[in-house]
Each structure stands twice: as C-alpha cells, then as structure tokens.
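Please read the structure below before turning to the comments.
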Amino acid sequence: MNASTRPLLVELLTEELPPKALRKLGLSFAEGVRATLAARGLLAEGCAVQPYATPRRLAVRLSAVLAQAPDQEYAEKLMPVKIGLDADGKPTPALLKKLAAKGLEHVDAATLARESDGKQDVLVARGKAPGAALAAGLQEAIDAAIAGLPIPKVMSYQLADGQTTVKFVRPAHRLVALFGADIVPVATLGLIAGRKTLGHRFMSQGDIAIADADSYATQLLEQGHVIAAFDDRRADIQRQLDAHAARLGATLGDDPEVTALLDEVTALVEHPTVYEGEFEEQFLDVPQECLILTMRLNQKYFPLFSPATGKLTHRFLIVSNMQVANPVNIVEGNQRVVRPRLADAQFFFDTDRKTPLAARVEQLGSIVYHNKLGSQLQRVERVRAIARGIAAALGADAQRADRAAMLAKADLGTNMVGEFPELQGVMGAYYAQADGEPEDVVTALRGQYRNRMDAPVDAAGLTAAILFIAERAETLVGIWGIGLAPTGERDPYGLRRAALGLISAFEQLAAGGLLKISENGPMTLAGVLDLAAATFDAGQIAPAELKSAVAEVSAFIYERYRNQLAADFDRAAVDAVIALTPPLHQVSARVRAVTAFSALPEAASLAAANKRVGNLLKKAEDGTAALDPARLTEPAEQALAKAIADLSPRAQAQFDAGDFAASLSTLAQAREPVDAFFADVMVMADDPAVRANRLALLAQLHGLMNKVADISRLAQ
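Numbered according to the numbering used here, the sequence shown spans residues -8 to 707.
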C-alpha cells in the first residue's frame, strides 16, 4: 500500500444467514464490491481482496483503495457537423441539448474536434473528466453487490420506522464502512454506515467499535470471539476434528459428505469448539448408513470410524458455537438429543425386517412414479423386462437379473426409507440380505443408485450391472418420451446423470471382458434403448413419440460423452470419433488412438485428403460403382489401388482386434500414394466411365481411412 491509498472495509451485520448458501454469499458480496470499485478506477494496482462470511455477517476488506480515481480521458461522439453547427459555425439547439444530456454543458462548441467516421464529419468532445470519489463509488458498489447476491430465498421485512419495507436474504441491522480509520458516508437497506458492529451472540458483550479497516478481523476475534474469515474458521474446525479423532484412535471417514458437512457447520458457527460425544454400542447393530445419516443430516455431528475396519464406532464429534470451561452440559445435551433418533432408527430397522422385501413389491402399485407413466409397480415390471433382455444378450442368469429388478424399489414402502429417503437401495440391500436373497441380488440393490460404475465388471457383479443399465434405460426413454427432456440447467429427473451412468456401465462391462456385442444385438446402445422402448404401451407414449425419443436419447448420450471427453482430449479428436457413433465402450479408446494419430507427420495431409474425398463422393450423381482394376491406367491411381489392397486387410484385422492406434498407424502409410494421386490424377475426368472408376477407388480409400473415426474432422 502506498501513501495515496488506504484499506477499505465494508461489513453488513444481519440475522443468521442460510448456512448452505453462506460461502457463495460471502464470495459474491466481496466480488461485487471489488468489481464496481475496479470499474470506477478506485483500486490501486495489486489491491488484495479478503472476503469475510460468518452466520451473521458478510464483509470484505480491500487492501489498497484510492480516495478518488484518477482523471479519465474521454472522447464523446456527438453528432454530424452539419447538424451540430449552423451556417455561421454556431452551435445548434440540437448540439446544446446533446451536450447537456452528456453532462458537458461546460464545453465550448468551438473546442469540439471534427473527425470523420468513414461516412461524414462528426463533432467529438475530448477532454478529461474528474475521477469518481470513493463515497459515490462505494455506494454504487454496495448497491451492485447486494443486487447481485445469489440469494436462495428473499425475505421482506419492515424497517424500524414501521412503514418502509425492504427485501434481503435476512434482516440487516448494521453497516460498517471504513476507509482506513474514516467512516465512508454510504447507506443501504435503511442503514447508515458507522464503525460499530457486534461480536459473538453469546460470548461477546456490547458494541465493538472497529478502529480501522486493518484491525477488523483482529478486533472481532479478540473482543467479539468471532473468526471472521470463512476459510480460517473452516481450517480451525478441521484442525480440531483431526486432533480429537487422532486422540480417540479414530478417523472422520473419507466420503464426500464429510467435506459437505464441514462446509455447513463452518457456516453455522462463529467461534467453533469441538467436543466429543458417544452413544450406546447396542445401536451399532443398526446398519451404519442409518446412524451416519441421522447424525450428519439431523444433528450435524461428525461420526467416527475405526481406521482398521472402516466401521462406525459409538463416538462422534460435536462442533459447538460455544467455548466453555466445563463442556459436560453441552456434551450430555447433545447425547440426549441424538439417542431418541438412534432408537427410532433401531425400531424402524427391526420392524421393517418382519416383512420380507418380496412381500412389499405389490405395495408399489399404490405409489405413483409419474402420472403419465403409471405406478412404481408398473415401472418395476418395465425394468424387469429390460433386465431379462440384457441378461439374455450377455449370457447371464436372467432369473437373477429379474429378481434384482423386481426387488429394486420394494424398500420404498419401508419405515426406514420413509424416514430417510436418501437410503433407498441401501436399505433394500440390507433387507434382502436378511431375507436370504442371493449375494449378487443384494449387491445389485445396494449399487443401483450410484452415479456411475467405476470398476471393471466381473461375473459376480454382472447382475448389478444389468440392473444399473436397465433402470437408466427405462428412465431415459420414459421421461424423454413424455416430453421432459432436460432444458438449460433444469434436469429434475437426472437424465444427464443417467446418460453418464450408462456410458460408464458399457465401459466397465467391456473392461471386464463381459460385453458380447454384435451389430444388431441388444447390447449395443440402440439395442438397449429399443428394449426399453418395447416396455411402454401406446397409452403411455405414442409410437411416433417413442421412436423419436429413442433417437434423441441416443444422440443425447453421445453428446454427453462428447462433452465429458472434451475436458481431457482435443475437441477435434473427440468430434472425429463421435461422428461415427461407435459402440459406447470403444469411444474412449478410439479417442486416445486418434489423439496419437493426430501427432503423426502424416495426419494433416491425410485429414485434408479425407475431407476432399468426402466432398468428391458427395458430388457423385449416382453413387459409386464397383471398382474395375482394368480401367486404372494412370501410375498414381494404380499405386493408390495397390496401397489400399495391401493396407486394408492389416488395418481391418487391427481394428477388429480393438487395436485402434495400430489401425490408424497402418493408415498413415497411405500418405505418399494418396498425395501422389491428388497431384497427378484428375478425378472428375470427362469420360464418365473413368470418372466413375476413380470415384469407386476413392470410396475404397474413404472406407479405409474412416474405420476408427472421421479423419476429415482433424483437417484445419
């Protein structure tokens, strides 16, 4: 910070803000203030921005701010000279009005520049305008920052005058705006800026007068018991959690929910302190997913796990907003709160197991899946039919696949899933296991809601893979068929996720060597979608709409794959492969092969030639005839025919073996005869028979070049 700049602090003190949105609100507020001040030229070079966000405040500190922005040169195009000046060179009323509208009343018309805009001479006002003052710029910045906040739900509330109504995420009580140690005269939400704020709701007493912008975080911590920066508070909680877990010989677990919970509790406390709690070990007989969910979701506790087994222990950690010398009351209070919830989970589990899972299937007839697609029972029957078809194509046990599909949604009628919908599938697996269902059926139920399959499928996992594919195919075709395709950011039925899940399933089936695929078999994507389509009757989806849905879903899946691969590979290589819509399980291998091929010195020439060949073949009036070798009279066309005959069998064999890189490498050897052909041979000869024969030769070349991908997509 140089002598001409000072730090700036802005704080908005509020009622408790929505915890799941707090981090975004804090970052947005800080960026909104920064962006407007930067646009007004009020930030010095290298100005650092520190956002602050606690349950009761949004704030930002900027390290180097100017009291007034530098003067700005301006050039205002006004109007044509012939309109702005009369015959005597005097300003016309139109010009005077324009100058006033631009705030340039002080400008002498005689000083206006005359410049050509390419069509006529125009009057241009040039000069220097004084830079924005901080007070005006900050007022604009605060207004813009508040208007741009990603507020989940706006509240309306009355100000203290009992008449004025304002809208904000939560009622705001104080505004602090300090330029160094000086208050900046700004206002918002009925509040006038000052320097006084409040600390922790219970651990702090009275107002805290912020001395200057630099002392804000220190004063809040020392006088107010508030860690103002979200990231600092989060790091402090993480440190305490790790220390307590290590002391107890446990871990916090490694699933993503730990991170999400850490973010949420950071948004719930201003002065975090971690305490240890425990519950009776008898509750560990309940599936641990139930206990984990109730502790995390309802109580915001961090369950602890055994590092040796990964199993849940009877201990958990509490992140409190209070630091006390003797936390016994806090700990015992939290233990009393969680115990009834765990007892409920145990009761639900014990009660649910009294009814076999298979006996619950008929109950699905009273649960609506979608009013246009019928009940969950009807949906189950569709998934069963699809699963049997896939099992037949894979040579799998159709009875096991059918059994898994039949039981897949049966847990929707259980007490546990009624209380914790997040446990769908998980509880079905536990109940199926208790009923003595086959292990592969249990595994299928447990994994049906995964986002993707991320390991090669072996024989033991085949039933699970079949259910995974069948359910997603039914969802995609059915929901799309009734006109609910994703639009923009809206995808309430998770069709994008279902598409990516299907892609992963085909990949992992192939990786496990279990994908038996034929051109017309049901284990092509088209075959699976056709199986799904056949399960809907005309009363649910009209045949024409169903046919259209299948085609659109297929295109949608390939487009999702294109977007997924484009994050890691060159877009042209991805487009070249996707253009051929090859079997899903081959797409990534082909993209890698094309990426390697595109780095070869022959690639550019062959891609350009392939594009030219494609254009020539499109011009063929009656398609292409069979090649007549006797009509190949030019040395260059004879050489190309020989190269194709030599290379095609080898390239085809490599392609059939799935060695796409080798197939493309073989193709690269055709570069010289291809270049020579286009240099020496006139394809569109006057003699129709010669022309047709040369086009037939190019058709063979086109087939050789485009086995793996549409190589023309690599042409610049």
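Quick reminder that beta carbons are idealized off the backbone N, C-alpha and C, glycines included.
Can you give the Cα-Cα distance for residue 229 and residue 301, rounded to whole angstroms? Mapped onto the sequence shown, residue 229 falls at position 238. Mapped onto the sequence shown, residue 301 falls at position 310. Going from the Cα of residue 229 to the Cα of residue 301 covers about 20 Å.
Around the C-beta of residue 684, are 16 or more other C-beta atoms found within 10 angstroms, so that it is buried, or is it exposed? Mapped onto the sequence shown, residue 684 falls at position 693. Around the CB of residue 684, 16 or more other CB atoms lie within 10 Å, so the residue is classed as buried.
Would you call the segment 379 to 395 and the segment 444 to 461 in contact, with 3 or more CB pairs under 8 Å? Yes, the segment 379 to 395 is in contact with the segment 444 to 461.
Using a Cβ-Cβ cut-off of 7 Å (strictly less than) and excluding sequence neighbours within five positions of residue 446, which residues of its own chain qualify? Here residue 446 refers to the residue found at position 455 when the sequence shown is read from its first residue. Within the same chain, residue 446 has close Cβ partners 499.
In terms of residue numbering, what span does the alpha helix (DSSP H) encompassing residue 696 cover? Position 705 of the sequence shown, counted from the start, is the residue given in the question as residue 696. 679 to 696 is the span of the alpha helix (DSSP H), which, as asked, contains residue 696.
At least three beta-carbon pairs within less than 8 Å, the segment 0 to 14 to the segment 162 to 173: By the Cβ criterion, the segment 0 to 14 is in contact with the segment 162 to 173, since at least three pairs of Cβ atoms, one from each stretch, lie closer than 8 Å.
Neighbour-count burial assignment, residue 105, 16 or more Cβ in a 10 Å radius: The sequence position of residue 105 within the sequence shown is 114, counting from 1. So residue 105 ends up on the exposed side.
Mapping DSSP to helix, strand and coil, what is residue -2? The sequence position of residue -2 within the sequence shown is 7, counting from 1. Correct three-state label for residue -2: strand.
Beta carbon of residue 621 nearer than 8 Å to that of residue 664: Indexing the sequence shown from 1 puts residue 621 at position 630. Indexing the sequence shown from 1 puts residue 664 at position 673. No.
If we count the other Cβ atoms within 10 Å of its Cβ and call it buried at 16 or more, is residue 183 buried or exposed? In the sequence shown, counting from the first residue as 1, residue 183 sits at position 192. Exposed, by the Cβ-count rule.
Going along the chain, which residues of its own chain have a beta-carbon closer than 7 Å to the beta-carbon of residue 330, five neighbours each way excluded? As a working note, residue 330 is residue 339 in the sequence shown. Sequence-distant partners of residue 330 (beyond 5 residues in either direction) whose C-beta falls short of 7 Å from its own C-beta, in its chain, are 270.
Going by DSSP, what residue range makes up the alpha helix (DSSP H) through residue 628? By 1-based counting over the sequence shown, the position of residue 628 is 637. For residue 628, the enclosing alpha helix (DSSP H) covers residues 626 to 647.
Is it buried or exposed, residue 320, if we count other Cβ atoms within 10 angstroms and call 16 or more buried? The residue given as residue 320 occupies position 329 in the sequence shown. Its Cβ having fewer than 16 others within 10 Å, residue 320 is exposed.
To the nearest angstrom, report how far apart residue 10 and residue 257 are at their CA atoms. Locating residue 10 in the sequence shown gives position 19, counting from the first residue. Locating residue 257 in the sequence shown gives position 266, counting from the first residue. Roughly 8 Å between the two C-alpha positions.
Let me confirm a value: residue 87 is counted as buried when at least 16 other C-beta atoms fall within 10 Å, else exposed. Which label applies? Within the sequence shown, residue 87 is the residue found at index 96, counting from 1. By the 10 Å Cβ count, residue 87 comes out exposed.
Hey, is the segment 122 to 130 in contact with the segment 169 to 183, meaning 3+ C-beta pairs nearer than 8 Å? Pairwise C-beta distances place the segment 122 to 130 in contact with the segment 169 to 183, as three or more of them are shorter than 8 Å.
With distance defined between alpha-carbon atoms, name the residue in 633, 45 and 205 nearest to residue 312. Here the question's residue 312 lines up with position 321 in the sequence shown. Nearest in C-alpha terms to residue 312, of all of 633, 45 and 205, is 45.
Go through the segment 438 to 522 residue by residue and report every complete run of the alpha helix (DSSP H) that reaches 4 residues or more, in order. If only uninterrupted alpha helix (DSSP H) runs of at least 4 residues are considered, those enclosed by the segment 438 to 522 are 453 to 472 and 486 to 502.
Please confirm whether residue 137 and residue 179 have their CB atoms less than 8 Å apart. The count along the sequence shown starts at 1 and reaches residue 137 at position 146. The count along the sequence shown starts at 1 and reaches residue 179 at position 188. Result yes, Cβ atoms of residue 137 and residue 179 sit closer than 8 Å.
Between the alpha carbons of residue 171 and residue 202, how many angstroms are there, rounded? What you label residue 171 is simply residue 180 of the sequence shown in a count that begins at 1. What you label residue 202 is simply residue 211 of the sequence shown in a count that begins at 1. Taking the straight line joining both Cα atoms gives about 9 Å.
Start-end ranges of the beta strand (DSSP E) lying completely within the segment 230 to 259, minimum 3 residues: Runs of the beta strand (DSSP E) inside the segment 230 to 259: none found.
For residue 396 and residue 369, the rounded distance between their alpha carbons: As a working mapping, residue 369 is identified with position 378 in the sequence shown. As a working mapping, residue 396 is identified with position 405 in the sequence shown. About 12 Å.
Indicate whether the contact test is met: 3 or more Cβ pairs, each with one atom in the segment 370 to 383 and one in the segment 420 to 427, closer than 8 Å. With a cut-off of 8 Å, the segment 420 to 427 and the segment 370 to 383 do not count as touching, because too few Cβ pairs lie within range.
Who are the Cβ neighbours of residue 490 in its own chain at under 7 Å, not counting the five residues just before and after it? Locating residue 490 in the sequence shown gives position 499, counting from the first residue. So the list reads 467, 547, 548 and 551, once near-sequence residues are dropped.
Proximity winner among 268, 273 and 689, relative to residue 295 (alpha-carbon distances): Your numbering for residue 295 matches position 304 in the sequence shown. Taking only the C-alpha atoms, the option nearest residue 295 is 268.
For residue 131, which residues from the same chain have a beta carbon less than 6 Å from its beta carbon, with the 5 sequence-adjacent residues on both sides left out? In the sequence shown, residue 131 corresponds to position 140, counting from 1. Same-chain partners within the cutoff: 27.
If we count Cβ pairs, one from each stretch, closer than 8 Å, do we get three or more for the segment 697 to 706 versus the segment 579 to 598? Under the Cβ criterion (8 Å, minimum of three pairs), the segment 697 to 706 counts as touching the segment 579 to 598.
From the DSSP output, which residues share a beta bridge with residue 292? On the sequence shown, position 301 is the one that residue 292 refers to. In DSSP, residue 292 forms no bridge with anything.
Bridge partners of residue 361, per DSSP? Counted from its first residue, the sequence shown places residue 361 at position 370. Answer is 365.
Ordered list of beta strand (DSSP E) runs contained in the segment 164 to 218, each at least 3 residues: If only complete runs of 3 or more residues are kept, the segment 164 to 218 shows the beta strand (DSSP E) at 187 to 189 and 198 to 200, in order along the chain.
Measuring CB atoms only, is the segment 406 to 419 touching the segment 281 to 290, in the sense that at least three cross pairs come out at less than 8 Å? With the cut-off at 8 Å, the segment 406 to 419 and the segment 281 to 290 touch.
Using the Cβ count rule (16 or more neighbours within 10 Å means buried), how would you classify residue 213? One-based indexing of the sequence shown puts residue 213 at position 222. Residue 213 should be labelled exposed.
At least 3 beta-carbon pairs within less than 8 Å: the segment 47 to 63 vs the segment 17 to 25: Counting Cβ pairs under 8 Å, three or more are found: they touch.
Distance between residue 366 and residue 462 (C-alpha atoms, nearest Å): Taking the sequence shown and counting its residues from 1, the one referred to as residue 462 is at position 471. Taking the sequence shown and counting its residues from 1, the one referred to as residue 366 is at position 375. Their backbone Cα atoms lie some 15 Å apart in a straight line.
Is residue 576 helix, strand or coil by DSSP? Your numbering for residue 576 matches position 585 in the sequence shown. Three-state DSSP puts residue 576 in a helix.
Pairwise C-alpha distance: residue 642 and residue 519: Looking up residue 519 in the sequence shown gives position 528. Looking up residue 642 in the sequence shown gives position 651. Computed Cα separation, rounded: 29 Å.
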